[in-house]
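Below is one structure; the comments refer to it alone.
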Amino acid sequence: MAATPSSDGGELVRRSRILSSELYFEVPAYKVPVIYSSSYDIAFLGMEKLHPFDSSKWGRICRFLIAEGLLDKRHIVEPLEAKREDLLVVHPESYLDSLKSSLNVATIVEVPPVALLPNCLVDKHVLHPFRKQVGGTILSAKLAKERGWAINVGGGFHHCSAANGGGFCAYADISLCIQFAFTRLDISRVMIIDLDAHQGNGHEKDFSDDRRVYILDMYNPDIYPLDYEARRYITQKVEVACGTNTDEYLSKLDRALKVAAGAFNPELIIYNAGTDILDGDPLGKLKISPEGIAARDEKVFTFARERSVPLLMLTSGGYMKSSARVIADSIINLSKKSLITIGNGQNIATT
Ligand SMILES: [Zn+2]
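Numbering follows full-length UniProt numbering, with no gaps: position 37 of the sequence shown is 37.
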């Protein structure tokens, strides 16, 4: 794989970093496998108004779930921040050092004024929230294995590879999550189901030659990142053209899941559940309805449930003002269909 370190000595260093990491910690039984921290949300000097997205969607998803009575705030799992030693599990030192340039970070998050800020502020207000989300993605695999499923209400930075960030993705949380699962969870076959509108070129580059990872990527081929090299590494490619509607999308997904089921027997599923496929999303250019998103998520959770494979979901892209509501509604639907259990006295009471 492209991720460093690649030599045998490097593998030992990687293994030792993973084994000494604090990101996997014991989560008490009364907590639910929903991971979130208020530090996920980015709101800084009006920057959130410059990028065409809702940069506090993560907190809004949780607030909707709490307001609906589905989620108790005390039951949410707060992850730790991924530290430099954790990030070095896949990222080279040189890449992490490159984030000490505000200009580089501005390019990655696509907000040019960030280039003008002192790097300490960029680190605190932009990179720190991302590192918390990375910690959440990594922990979600452990929780998924213990509980059957987990949702990180953030993460899914699928454009970042070990060596390069881009497209609002500064850290390769999916690659990190998989390396931790290989070493700490005794897992050797992972399926990535990437249903964000964009192609997941980051994890594709990182696992290009790794047969332990099966990548089903369903994406619009005519939008960012147009990474033709990485497309060669997709195990099962499903292209959905601009303007694809809900019925067409869901029937393609049905066929794709059927093929995946016949081709690979995963021990862990990473579901990158971007909502930029929503009708009206200026970036995704697809026409999927809110109900279509709920149906899509239900299909993926059902797929995992029927095979008794632990599944973790990441919210990934989709930053319209309506996205948070749509995601919350989909999680509520998963609960109604008994594909996940969050509330209703199912958890041990806490004080
Ligand atoms: Zn996307």
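Cβ coordinates follow ideal geometry from the N, Cα and C atoms, glycine included.
In angstroms, rounded to a whole number, what distance separates the CA positions of phenylalanine 180 and lysine 142?
Within the sequence shown, the letter at position 180 stands for residue 180. Within the sequence shown, the letter at position 142 stands for residue 142. Looking at the two C-alpha atoms, the distance is approximately 9 Å.
Is it buried or exposed, tyrosine 271, if we count other Cβ atoms within 10 angstroms and call 16 or more buried?
Here residue 271 refers to the residue found at position 271 when the sequence shown is read from its first residue. Buried, by the Cβ-count rule.
Let me know the beta strand (DSSP E) ranges lying completely inside the segment 190-240, each 3 residues or longer, listed in chain order.
Within the segment 190-240, the complete beta strand (DSSP E) runs of at least 3 residues are 190-194, 213-219 and 236-239.
Would you mind reading off the limits of the beta strand (DSSP E) that contains alanine 294?
Here residue 294 refers to the residue found at position 294 when the sequence shown is read from its first residue. Here alanine 294 belongs to no beta strand (DSSP E); instead the alpha helix (DSSP H) covers 290-306.
Taking only the alpha-carbon atoms, compute the straight-line gap between isoleucine 76 and isoleucine 193 and give it to the nearest angstrom.
Along the sequence shown, one-based indexing puts residue 76 at 76. Along the sequence shown, one-based indexing puts residue 193 at 193. Answer to the nearest angstrom: the Cα atoms are 25 Å apart.
Assuming tyrosine 171 is part of the beta strand (DSSP E), what are its boundary residues?
For the purposes of this step, residue 171 is taken as residue 171 along the sequence shown, with counting starting at 1. Careful: tyrosine 171 lies outside any beta strand (DSSP E) and carries neither H nor E.
For tyrosine 95, name the three-state secondary structure that DSSP assigns.
One-based indexing of the sequence shown puts residue 95 at position 95. In this structure, tyrosine 95 counts as helix in the three-state DSSP scheme.
When you measure from the CB of aspartate 196 to every non-hydrogen atom of ligand 1, does any distance come out below 7 Å?
Position 196 of the sequence shown, counted from the first residue, corresponds to residue 196. Because some heavy atom of ligand 1 lies under 7 Å away, the Cβ of aspartate 196 counts as near it: yes.
Within a Cβ cutoff of 8 Å, which residues of the same chain sit near residue 353, ignoring the five residues on either side of it in sequence?
Because the chain here runs from 1 to 351, residue 353 falls outside it and cannot be looked at.
Quick check: is any heavy atom of ligand 1 less than 7 Å from the C-beta of glycine 317?
Sequence index remark: in the sequence shown, residue 317 carries index 317 (1-based). Yes.
Can you tell me whether glycine 155 sits near ligand 1, meaning its C-beta is under 7 Å from at least one heavy atom of the ligand?
Along the sequence shown, one-based indexing puts residue 155 at 155. No, the beta carbon of glycine 155 sits no closer than 7 Å to any heavy atom of ligand 1.
Check each candidate in Glu78, Arg15, Ser55 and Phe53 and name the one with the smallest Cα separation from glutamate 26.
The count along the sequence shown starts at 1 and reaches residue 26 at position 26. Minimum Cα distance to glutamate 26 is reached at Glu78.
Under the three-state reduction of DSSP, which class applies to alanine 256: helix, strand or coil?
As a first step, residue 256 is located in the sequence shown; it is residue number 256 there, counting from the start. If DSSP states are grouped into helix, strand and coil, alanine 256 belongs with the helices.
Helix, strand or coil, according to DSSP, for valine 309 in the structure here?
Within the sequence shown, numbered from 1, the residue matching residue 309 stands at position 309. Reduced to three states, the DSSP call for valine 309 is coil.
Within 10 angstroms of its Cβ, does glycine 317 collect 16 or more other Cβ (buried), or is it exposed?
As a working note, residue 317 is residue 317 in the sequence shown. Per the 10 Å Cβ criterion, buried.
Assign isoleucine 108 to one of three DSSP states: helix, strand, or coil.
Within the sequence shown, numbered from 1, the residue matching residue 108 stands at position 108. Note: isoleucine 108 maps to helix in three-state DSSP.
Would you mind sorting glycine 9 into buried or exposed? The rule is 16 or more other CB atoms within 10 Å of its CB.
Locating residue 9 in the sequence shown gives position 9, where the first residue counts as 1. Flag for glycine 9 reads exposed.
For leucine 314, is the classification buried or exposed, using 16 other Cβ atoms within 10 angstroms of its Cβ as the cut-off for buried?
Walking along the sequence shown from the start, residue 314 turns up at place 314. So leucine 314 ends up on the buried side.
Would residue 353 be called buried (16 or more neighbouring beta carbons within 10 Å of its own) or exposed?
What the structure shows of the chain is the stretch from 1 to 351, and residue 353 is not part of that stretch, so it cannot be assessed.
For the beta strand (DSSP E) holding leucine 65, just list the boundary residues, first then last.
Here residue 65 refers to the residue found at position 65 of the sequence shown. Per DSSP, leucine 65 belongs to no beta strand (DSSP E); it is in the alpha helix (DSSP H), 57-67.
Going by DSSP, name the residue or residues bridged to aspartate 271.
The residue labelled residue 271 in the question sits at position 271 within the sequence shown. Residue identity differs from the one stated: residue 271 is tyrosine in this sequence, not aspartate. In DSSP, tyrosine 271 forms a bridge with Ile193 and Met313.
Would you kindly work out how many angstroms separate the C-alpha atoms of leucine 283 and glycine 166, rounded to a whole number?
The residue you call residue 283 lines up with position 283 of the sequence shown. The residue you call residue 166 lines up with position 166 of the sequence shown. Distance between the alpha carbons of leucine 283 and glycine 166 is about 15 Å.
What does the alpha-carbon distance come out to for the pair lysine 237 and glutamate 267?
Residue mapping note: residue 237 aligns to position 237 of the sequence shown, counting from 1. Residue mapping note: residue 267 aligns to position 267 of the sequence shown, counting from 1. Whole-angstrom Cα-Cα distance: 21 Å.
Check whether the Cβ of aspartate 276 sits closer than 7 Å to any heavy atom of ligand 1, and report yes or no.
Here the question's residue 276 lines up with position 276 in the sequence shown. For ligand 1, at least one heavy atom lies less than 7 Å from the Cβ of aspartate 276.
Report the rounded CA-to-CA distance for phenylalanine 301 versus serine 330, giving the unit in angstroms.
Here residue 301 refers to the residue found at position 301 of the sequence shown. Here residue 330 refers to the residue found at position 330 of the sequence shown. Those two C-alpha atoms are separated by around 11 Å.
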